[in-house]
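The structure appears right after this line, and notes come after that.
Protein chains: 2
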Amino acid sequence: MSGLATGAAAPRSAAVGEEVLRARAYLLRVAEPPAPHTGRFVEAVGAVEAAAAIRRGDVSREVAGETSGRRAADRADQDLAAARAVQARLLCPEDPAWPNWPFTSFALAQSEDLVPPLALWVRGVGDLAELCGRAVAVVGARAATGYGTHTAAELGAGLAAAGQTVVSGAALGIDGAAHRGALAAGGPTVAVLACGVDRPYPESHTGLLGRIAAAGLVVSEYPPGAVPARHRFLVRNRLIAALCAGTVVVEAARRSGARRTASDAQRLGTVLMAVPGPVSSALSAGCHELIRSGALLVTRAEEVTEATGRLGIELAQEPDGPQRPTDVLDAGQARVHDALPPRAARTVAWLADEAGLTPDQVRSALTGLERRGMARFQDGRWQRQTPGEGAS
Amino acid sequence: MSGLATGAAAPRSAAVGEEVLRARAYLLRVAEPPAPHTGRFVEAVGAVEAAAAIRRGDVSREVAGETSGRRAADRADQDLAAARAVQARLLCPEDPAWPNWPFTSFALAQSEDLVPPLALWVRGVGDLAELCGRAVAVVGARAATGYGTHTAAELGAGLAAAGQTVVSGAALGIDGAAHRGALAAGGPTVAVLACGVDRPYPESHTGLLGRIAAAGLVVSEYPPGAVPARHRFLVRNRLIAALCAGTVVVEAARRSGARRTASDAQRLGTVLMAVPGPVSSALSAGCHELIRSGALLVTRAEEVTEATGRLGIELAQEPDGPQRPTDVLDAGQARVHDALPPRAARTVAWLADEAGLTPDQVRSALTGLERRGMARFQDGRWQRQTPGEGAS
Chain A
1228 MSGLATGAAA PRSAAVGEEV LRARAYLLRV AEPPAPHTGR FVEAVGAVEA AAAIRRGDVS
1288 REVAGETSGR RAADRADQDL AAARAVQARL LCPEDPAWPN WPFTSFALAQ SEDLVPPLAL
1348 WVRGVGDLAE LCGRAVAVVG ARAATGYGTH TAAELGAGLA AAGQTVVSGA ALGIDGAAHR
1408 GALAAGGPTV AVLACGVDRP YPESHTGLLG RIAAAGLVVS EYPPGAVPAR HRFLVRNRLI
1468 AALCAGTVVV EAARRSGARR TASDAQRLGT VLMAVPGPVS SALSAGCHEL IRSGALLVTR
1528 AEEVTEATGR LGIELAQEPD GPQRPTDVLD AGQARVHDAL PPRAARTVAW LADEAGLTPD
1588 QVRSALTGLE RRGMARFQDG RWQRQTPGEG AS
Chain B
1228 MSGLATGAAA PRSAAVGEEV LRARAYLLRV AEPPAPHTGR FVEAVGAVEA AAAIRRGDVS
1288 REVAGETSGR RAADRADQDL AAARAVQARL LCPEDPAWPN WPFTSFALAQ SEDLVPPLAL
1348 WVRGVGDLAE LCGRAVAVVG ARAATGYGTH TAAELGAGLA AAGQTVVSGA ALGIDGAAHR
1408 GALAAGGPTV AVLACGVDRP YPESHTGLLG RIAAAGLVVS EYPPGAVPAR HRFLVRNRLI
1468 AALCAGTVVV EAARRSGARR TASDAQRLGT VLMAVPGPVS SALSAGCHEL IRSGALLVTR
1528 AEEVTEATGR LGIELAQEPD GPQRPTDVLD AGQARVHDAL PPRAARTVAW LADEAGLTPD
1588 QVRSALTGLE RRGMARFQDG RWQRQTPGEG AS
């Protein structure tokens, strides 16, 4: 299996040892996401040792609860081979293309169901960390209206034209329209699936998934061959939200998967946006509810990029780097950073008052500060942090 | 002219003396609204004395600036007669039907262009104070779409069914649809005009204006025969906003009269709401901008009444009155009242944080508290007030 590390589609895997790849592939197969206990165990002892311990059954009751059902079946080699067969590879946290920045939001959420993946199967040409340096999720109903798909495609194209990566779930309706809009504008786009990256689901999107892989990435934490079970869509939605600085819901019924992505986006501290529509449309009712409970109303790509702002990752590539950490902040971030007391923690509402900004502007600024390691969130409040100190 | 006080259409004028009626009729003719200096002068010395001083030219430079152009022409008798000819009458601040409660919001706005009228010409069967005890303004574009007029009519009917008075400007498009919806549901409705109450404007609404008068009131601060000059629409809009606990904008282009009513509503401290629509519609763009800058998104009458809440006027009529002022508060008002410190003044954002409510919920609660004399607004902040202390 040593061919994997040198395969054309997987240049970056060279950085990650074969042993780690096999361990992570095993872990993704045995622990059905989200697996918070397994995740913490892996973080504590490393992937290789954690996999060995799980295989032996020598683990805490909590980790056993997440892994005992499948621990005996080690299909790591087969999964890696199956991935290779479709030009896919396993992206590990040890890899430079791992989206570390976006995934810090999981620490922010402090929730057992909002945990990072143990690794990600990826198919396509893109570098996930780079793609998610400027990314917006565009999601919505499968049974979308013509208005919804038209609006999603316009947003996808507008965001791509503005240099944003459009992330979605490749589903029929809004998701597909958003991907197509991004591709039509020549931009990259990322599809996060609730099944294996080797499965064309939905079948009618086989061609679309191929085009997404050719321009960006098709991503999944489910092993090759995994079926899109119902609960996996909801679990998958957290990844769509976490990979992006903001999430736009284009059309959604009152109870829907898109609403779940929206809820995840809020709990992850990213910017939640929704597109309005006719009040008579049941497929806009969910969006209107989101806006009524605090989501930002957006009508075009420009309003989305204004709300999500620029990210730290971009700044790292600027030729003439700034001298002090605060030099890189935009006006809103600087005002919120100034408003944050050196030691005390404050709520978004307090900061909005102090900085003279709207709560949405404050949230957007805090997201930027958090990604730069200059603010952190704990127990519902924000506090100032010195970059490099690390979020605890 | 003593017949006026005993005319069938004007039973309540009996409470106001002939001399005051003539003075106020004169003042409305000579001082083009808004006339803040004249208003303060009238409040200080009384209508009769103020009218006499203005007639003589024996007034401050500021009052002279607002009145000197027309002071010589005393047409009070003719105006009162012209009103009588169309079953209209002059409603004065001395009259029990004067909307004292709603107009306290003018004091809140502390603006030279947001001042109460010196009196109001009214045509119809309704009691303005009673009608505006539970009133919502529904306004919007003249060149409305089918979607807009349908939604306005639905809202008008829904609000009327919920016992609210629908207040609007009787214009083509949204205004007319809102009035019609209210009438269709058997509710009263109030039209505030930018011309004399004897002028059918727009002409195609002659029948509608008659039906509004028969079920509610047609109101104007402009004397009989006054033409609807362009600037009068904007000046009139403040009255629509001030008479109501909240204003709903149904459709509006980016720059429009409805936006002005919206701005007045906010400055008057009442609840501003807007109806979303397709992002592709230029006539929803103004509504979307309003929502993006803080207006509450509403999709149906129930959401409107929830946001505007119950008013103090209603409570005064409850058979078994409450014992303490705070007993009458709803849950949101009670929480905001609790959050208000006894002496210090706070911003809406601070109160939202403290009370655990959204800024919109806080604003809505504060409006209710303000109308009950339990909170007051000064220099951008709110503070607690003991009822009966009066807003200074």
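Going line by line, the protein sequences match chains A and B.
In terms of this note's numbering, the first sequence opens at residue 1228 and continues consecutively.
In terms of this note's numbering, the second sequence opens at residue 1228 and continues consecutively.
From the three backbone atoms N, C-alpha and C, an ideal C-beta is built for every residue, glycine too.
The model shown is predicted, which means the values in this text are computed figures rather than measured ones.
Relative to the alpha-carbon of residue i, which residue among the options has its alpha-carbon at the smallest distance?
{"i": "aspartate 1301 of chain B", "options": "B/Ile1281, B/Ala1291, B/Glu1289, B/Gln1314", "result": "B/Ile1281"}
{"i": "serine 1287 of chain A", "options": "A/Val1269, A/Val1313, A/Thr1392, A/Ala1299", "result": "A/Val1269"}
{"i": "alanine 1421 of chain A", "options": "A/Asn1327, A/Ala1571, A/Arg1459, A/Val1352", "result": "A/Arg1459"}
{"i": "tryptophan 1609 of chain B", "options": "B/Ala1501, B/Thr1585, B/Pro1326, B/Trp1577", "result": "B/Trp1577"}
{"i": "tyrosine 1253 of chain A", "options": "A/Ala1534, A/His1264, A/Asp1322, A/Ala1277", "result": "A/Ala1277"}
{"i": "phenylalanine 1333 of chain A", "options": "A/Gln1588, A/Val1419, A/Glu1597, A/Ala1509", "result": "A/Glu1597"}
{"i": "glycine 1626 of chain A", "options": "A/Ser1295, A/Glu1339, A/Val1445, A/Arg1369", "result": "The first residue shown for chain A is 1228 and the last is 1619, placing residue 1626 of chain A beyond what the model contains."}
{"i": "glutamate 1246 of chain B", "options": "B/Pro1343, B/Gln1391, B/Leu1317", "result": "B/Leu1317"}
{"i": "glutamate 1339 of chain A", "options": "A/Glu1533, A/Gly1266, A/Thr1526, A/Arg1438", "result": "A/Gly1266"}
{"i": "isoleucine 1261 of chain A", "options": "A/Ala1336, A/Leu1335, A/Leu1345", "result": "Position check: residue 1261 of chain A holds proline in this sequence, whereas isoleucine was assumed. Answer by Cα proximity: A/Leu1345."}
{"i": "tryptophan 1328 of chain A", "options": "A/Ala1310, A/Gln1337, A/Pro1343", "result": "A/Pro1343"}
Check residue i in the structure and name its three-state DSSP category.
{"i": "arginine 1608 of chain A", "result": "strand"}
{"i": "serine 1395 of chain A", "result": "strand"}
{"i": "glycine 1273 of chain A", "result": "coil"}
{"i": "leucine 1470 of chain B", "result": "coil"}
{"i": "serine 1447 of chain B", "result": "strand"}
{"i": "threonine 1613 of chain A", "result": "coil"}
{"i": "arginine 1603 of chain A", "result": "strand"}
{"i": "valine 1476 of chain B", "result": "strand"}
{"i": "arginine 1570 of chain B", "result": "coil"}
{"i": "alanine 1543 of chain A", "result": "With a pLDDT of only 32 at alanine 1543 of chain A, under 50, the local geometry of the prediction cannot be trusted, and no value is derived from it."}
{"i": "serine 1287 of chain A", "result": "coil"}
{"i": "valine 1247 of chain A", "result": "helix"}
{"i": "serine 1483 of chain A", "result": "coil"}
{"i": "alanine 1442 of chain B", "result": "helix"}
{"i": "leucine 1556 of chain A", "result": "coil"}
{"i": "glycine 1351 of chain A", "result": "coil"}
{"i": "valine 1454 of chain B", "result": "coil"}
{"i": "glycine 1548 of chain B", "result": "With a pLDDT of only 36 at glycine 1548 of chain B, under the threshold of 50, the placement of this residue in the model should not be trusted, and no figure is reported."}
{"i": "glycine 1437 of chain B", "result": "helix"}
{"i": "leucine 1538 of chain A", "result": "Below a pLDDT of 50, predicted positions are generally treated as unreliable, and leucine 1538 of chain A, at 41, falls in that range; the measurement from the model is reported next regardless. DSSP places leucine 1538 of chain A in coil when its eight states are reduced to three."}
{"i": "glycine 1423 of chain B", "result": "coil"}
{"i": "alanine 1579 of chain A", "result": "helix"}
{"i": "tyrosine 1253 of chain A", "result": "helix"}
{"i": "proline 1263 of chain B", "result": "helix"}
{"i": "threonine 1585 of chain A", "result": "coil"}
{"i": "alanine 1258 of chain B", "result": "coil"}
{"i": "threonine 1233 of chain A", "result": "With a pLDDT of 33 at threonine 1233 of chain A, under the threshold of 50, the predicted position of this residue should be treated as unreliable, though the coordinate-derived value follows. Of the three classes helix, strand and coil, the one that applies to threonine 1233 of chain A here is helix, per DSSP."}
### Whole runs of the beta strand (DSSP E) within the segment 1487–1526 of chain A, excluding any shorter than 3 residues
You should have 1498–1501.
### Query
Considering only residues of the segment 1294–1349 of chain A, which uninterrupted beta strand (DSSP E) runs meet the minimum length of 3 residues and lie entirely inside it, listed in chain order?
You should have 1315–1318.
### Message
If we require 3 or more residues per run, which beta strand (DSSP E) segments fall completely within the segment 1357–1420 of chain B?
### Response
Listed in chain order, they are 1362–1366, 1392–1395, 1416–1419.
### Task
Could you say if the segment 1456–1474 of chain A and the segment 1485–1493 of chain A meet the contact criterion of at least three C-beta pairs nearer than 8 Å?
Segments in contact, yes.
### Task
State whether the segment 1561–1570 of chain B contacts the segment 1595–1604 of chain B, with contact taken as three or more CB pairs (one from each stretch) at a distance under 8 Å.
Segments in contact, yes.
### Stretch-stretch touch, CB-based, cutoff 8 Å, three pairs: the segment 1497–1512 of chain A with the segment 1471–1478 of chain A
Result yes; three or more Cβ-Cβ pairs closer than 8 Å.
### Query
Can you list, in chain order, the residues of the segment 1479–1505 of chain B whose Cβ is nearer than 8 Å to any Cβ on chain A?
Within the segment 1479–1505 of chain B, the qualifying residues are Val1502, Pro1503, Gly1504, Pro1505.
### Query
Taking Cβ-Cβ distances below 9 Å as the criterion, which residues of the segment 1518–1530 of chain A are in contact with chain B?
Going along the segment 1518–1530 of chain A in chain order, one finds Ile1518, Arg1519, Ser1520, Gly1521, Leu1523, Leu1524, Val1525, Thr1526, Arg1527, Glu1530 with a Cβ nearer than 9 Å to chain B.
#### Entry: Near-chain A residues of the segment 1356–1381 of chain B - C-beta to any C-beta below 7 Å
Against chain A - using a Cβ distance shorter than 7 Å - the residues of the segment 1356–1381 of chain B are Tyr1374, Thr1378.
### Task
Inspect the CB distances between the segment 1477–1484 of chain A and the segment 1518–1530 of chain A and report whether three or more fall short of 8 Å.
Contact fails: fewer than three Cβ-Cβ distances are below 8 Å.
### Query
Taking a cut of 8 Å between CB atoms, which residues from the segment 1578–1602 of chain B lie near chain A?
Cβ contacts with chain A: Ala1579, Asp1580, Thr1585, Pro1586.
### Task
Name, going along the chain, the residues of the segment 1381–1404 of chain B whose beta-carbon falls closer than 8 Å to a beta-carbon of chain A.
Per Cβ criterion, the list is empty.
### Query
Is the segment 1361–1368 of chain B touching the segment 1397–1414 of chain B in the sense that three or more CB pairs, one from each, lie closer than 8 Å?
At 8 Å Cβ cutoff, the stretches touch.
### Query
Taking a cut of 7 Å between CB atoms, which residues from the segment 1561–1577 of chain A lie near chain B?
Taking a C-beta cut-off of 7 Å against chain B, the contacting residues of the segment 1561–1577 of chain A are Thr1574, Ala1576, Trp1577, listed in chain order.
### Message
Does the segment 1502–1516 of chain B come into contact with the segment 1446–1457 of chain B, if we say contact requires no fewer than three beta-carbon pairs (one atom in each stretch) closer than 8 Å?
### Response
Result no; under three Cβ-Cβ pairs closer than 8 Å.
### Message
Please list, in chain order, the residues of the segment 1248–1275 of chain B that have any C-beta partner in chain A closer than 9 Å.
### Response
Of all residues in the segment 1248–1275 of chain B, none has a Cβ within less than 9 Å of some Cβ in chain A.
### Message
For the structure I just gave you, are there three or more beta carbon pairs, one from the segment 1316–1330 of chain A and one from the segment 1344–1352 of chain A, closer than 8 Å?
### Response
With the rule of 3 Cβ pairs closer than 8 Å, the segment 1316–1330 of chain A counts as touching the segment 1344–1352 of chain A.
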